[in-house]
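Numbering (the numbering used here) for the sequence shown: 114 to 659.
Built from N, CA and C at the ideal position, the CB exists for glycine as well.
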Amino acid sequence: EKPNEIPAARYAVAANRPPDEIEPWYGPPRGFDFEREVQPVLDKYCLACHNTDSPKGPSKQQIADLRSERYARDYRGRELTKLGATRLHPAARKALGGTAVRYTPAYEALLPYIRRVNIEDHVGLLVPGEYHADTSELVQMLEKGHYNVNLDKEAWDRLFTWIDLNGPCHGAWGDVCPIPDNGAQRRRELKQRYGGPKDDPEGPVKTARRSVEPIVPKPMPETERQVPKLTDWPFDAEQARNRQRAVELFERTIELGGGVRMKLAWIPAGEFVIGDPNGEIDERPASRVSIRRGFWMGVCEVTNEQYHRFDGDHDSGLFTKRFQGPDGPGLSLGGPKQPVVRVSWIRAEAFCKWLSEKTGEQFSLPTEAQWEYACRAGSHTALSYGDVTEDFSQSANVADKSLSVRPGPTGGLESSISAHFGKGILESAVYGGNILCDARFSDGAVATSDVGRYRANPWGLQDMHGNACEWTRTAYRLYPYNPGDGREDRTEAGRKVVRGGSWCDRPERCRSSFRLSYPPWQRVHNVGFRVIAEASAAKGAYVASP
């Protein structure tokens with residue numbers, strides 16, 4: 114139609130029935146208040162462990178105090194930044210008794226575990242699912258079955274809604290302090306005079322607080338911690354190199370066009386134990402897996418310049434929780450040598466198909482078993498270079514001192530807060546941008562680094578831990594791992610496994626066996642991929658025993 118034409122009138126199917134009534138959300142219309150809406154979930158499912166009587170959880174590590182503010186008598190709130198204090202109304206300052214604003218200890222403790230849009234965050238158009246709840250560590254941890262905690266439908270709904278509403282604390286302005294100059298009353302008068310809604314968002318909320326008895330989760334069954342014994346695994350770095358170099362050609366480079374190349378390393382056949390008896394619930398039970406044929410694997414994650422040979426319009430975007438300056442949009446993730454991120458599993462598969470057609474070889478994403486086998490390179494430790502307590506500064510780009518800023522929020526949880534360039538407005542956890550970090554060491558990177566910067570594993574693979582998470586071909590299913598149950602079939606529906614951790618994950622979330630999953634359509638902020646090429650065993654290659 115032309116701009117001056119009116120579209121033809123059509124009778125919509127939806128007009129054949131009356132509109133649906135909006136179903137109240139667990140009570141009358143009201144502002145979303147953390148203490149009122151989320152704290153009951155914590156009271157029921159978390160307080161059995163997260164309280165002052167149990168300062169150490171089942172893992173014997175210090176844990177957050179998630180009690181209600183009613184029991185945290187010593188909680189004094191959080192000081193506003195200098196900028197925030199200068200904007201504080203004198204009447205509000207007087208009512209607060211200073212420049213500290215009360216949130217709740219549990220709120221501050223949980224905040225680092227969710228992803229949300231922050232103050233002065235980048236305002237560009239988001240990709241679908243950018244801040245989906247499943248990108249928050251809180252949801253990932255609970256979906257795995259955190260120490261056997263099982264939430265009911267309402268509990269999940271309350272947590273999802275809190276995250277979807279961007280993690281609010283107070284349900285009304287007056288919950289922070291009395292509104293100066295009768296502002297709330299004047300607004301209500303004007304609404305009533307000019308036909309606005311008659312509800313009072315600052316009025317009392319009539320919802321009864323239920324008495325909740327904390328649920329003590331059942332202990333995890335110890336039988337799941339057994340490990341299969343293999344005669345030919347684990348093996349040390351020297352043995353790993355010898356097995357790889359039993360072939361005449363164990364590393365090579367392919368041309369992608371335009372002067373862009375990709376390095377591949379030969380991964381010899383063998384068998385290993387997938388999973389970790391001391392890891393998350395979905396990493397158990399550990400299982401024996403045979404990799405019967407060797408394969409070629411990308412030495413590094415696929416970079417932006419490599420991916421642009423396939424899709425020149427792709428944009429890996431920005432890391433918006435840190436800035437190059439006080440008014441910057443964020444740190445670029447789109448450098449030519451940085452790993453491509455915000456690429457879906459579907460598009461990663463399409464890249465592999467394009468690469469196969471271009472080279473005449475059979476490229477694909479690695480299966481979950483191939484990925485962990487290649488990452489471990491014979492090791493049985495948590496990471497290919499050692500334990501989670503090891504100095505990772507030369508081995509991996511993870512959530513580290515470079516990413517962190519001290520001090521942490523109250524509530525018993527040590528966190529790292531975004532104030533990276535010191536302007537002040539981002540110093541507090543309540544403003545967002547806070548990321549849990551291991552600040553013992555510095556790897557020198559704040560966002561993704563150029564690939565190949567860190568020490569390789571014994572098979573010459575780099576960035577298997579950290580930098581960017583990596584898609585695998587495998588559908589997410591529980592262990593024991595069974596390659597024959599369909600999980601490795603590309604056509605298998607459901608969520609796909611992601612491995613390796615990223616620059617914004619602590620070392621324990623970058624372990625060789627750590628698993629996450631996302632829908633194949635989702636373009637996740639920290640997920641990229643690397644490729645493998647299936648190959649027949651080369652002359653002299655090490656072949657797995659049957």
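Taking Cβ to Cβ, would you say residue i is nearer than 7 Å to residue j?
i, j, result
"C465", "F476", "yes"
"G491", "P347", "yes"
"R600", "A588", "yes"
"C623", "G557", "no"
"R338", "V154", "no"
"G430", "R455", "yes"
"V373", "E414", "no"
"G144", "A285", "yes"
"W634", "S469", "no"
Under the three-state reduction of DSSP, which class applies to residue i: helix, strand or coil?
i, result
"A378", "strand"
"G641", "strand"
"G210", "coil"
"G535", "At G535 the pLDDT is 33, less than 50, meaning the model places this residue with poor confidence; the figure from the coordinates comes in the next sentence. Coil."
"G197", "helix"
"T585", "strand"
"S469", "helix"
"K304", "helix"
"E233", "coil"
"P522", "With a pLDDT of only 35 at P522, under 50, the local geometry of the prediction cannot be trusted, and no value is derived from it."
"S541", "Interpretation of S541 is limited by its pLDDT of 39, a score under 50 that renders its predicted location unreliable; no figure is taken from the coordinates."
"P452", "strand"
"Q475", "coil"
"L496", "strand"
"A285", "coil"
"D428", "coil"
"N164", "strand"
Taking residue i as part of the beta strand (DSSP E), name the residues at either end of that continuous run.
i, result
"L629", "628 to 631"
"W634", "Where W634 is concerned, there is no enclosing beta strand (DSSP E), given that its DSSP letter is neither H nor E."
"G383", "383 to 387"
"P410", "This sequence places Met at residue 410; Pro is not what is there. Where M410 is concerned, the enclosing beta strand (DSSP E) stretches over 408 to 411."
"L343", "First-last for L343: undefined, no H or E at that position."
"E364", "364 to 370"
"K609", "609 to 612"
So which of the options has the shortest CA-CA distance to residue i?
i, options, result
"Q357", "D312, G425, W409", "W409"
"R425", "V453, R406, K434, F505", "Sequence check: residue 425 is Gly here, not Arg. It is V453 whose Cα lies nearest to the Cα of G425."
"N231", "Y307, R300, Y592, I276", "I276"
"G370", "Q298, S626, K471", "K471"
"W138", "V289, A268, N391", "A268"
"L629", "D563, G242, A463, D247", "D247"
"F432", "V501, T502, G197, L516", "L516"
"E184", "A122, L160, D551", "Reading off the sequence, residue 184 comes out as Tyr, not Glu. Ranking the options by Cα distance to Y184, first place goes to L160."
"R460", "V610, D345, R636, F385", "R636"
"R149", "A222, D265, C282, N261", "C282"
"S445", "H638, D156, T194", "H638"
Kindly give me the distance between the Cβ atoms of residue i and residue j, rounded to whole angstroms, as I take these residues to be in contact under 8 Å.
i, j, result
"S506", "F554", "4 Å"
"A382", "R405", "6 Å"
"Y594", "I387", "5 Å"
"D288", "R301", "Wrong, their Cβ atoms sit about 17 Å apart, outside the cutoff."
"E563", "G448", "It should be noted that the sequence gives Asp, not Glu, for residue 563. About 7 Å; that satisfies the 8 Å criterion."
Considering only heavy atoms of the ligand HEM, does any lie closer than 6 Å to the CB of residue i?
i, result
"N263", "With respect to small molecules bound, the structure shown includes none, and the ligand HEM cannot be examined in it."
Over the uninterrupted alpha helix (DSSP H) stretch that includes residue i, give me the two end residues.
i, result
"R401", "Per DSSP, R401 belongs to no alpha helix (DSSP H); it is in the beta strand (DSSP E), 400 to 404."
"T274", "266 to 277"
"E221", "218 to 223"
"L155", "152 to 158"
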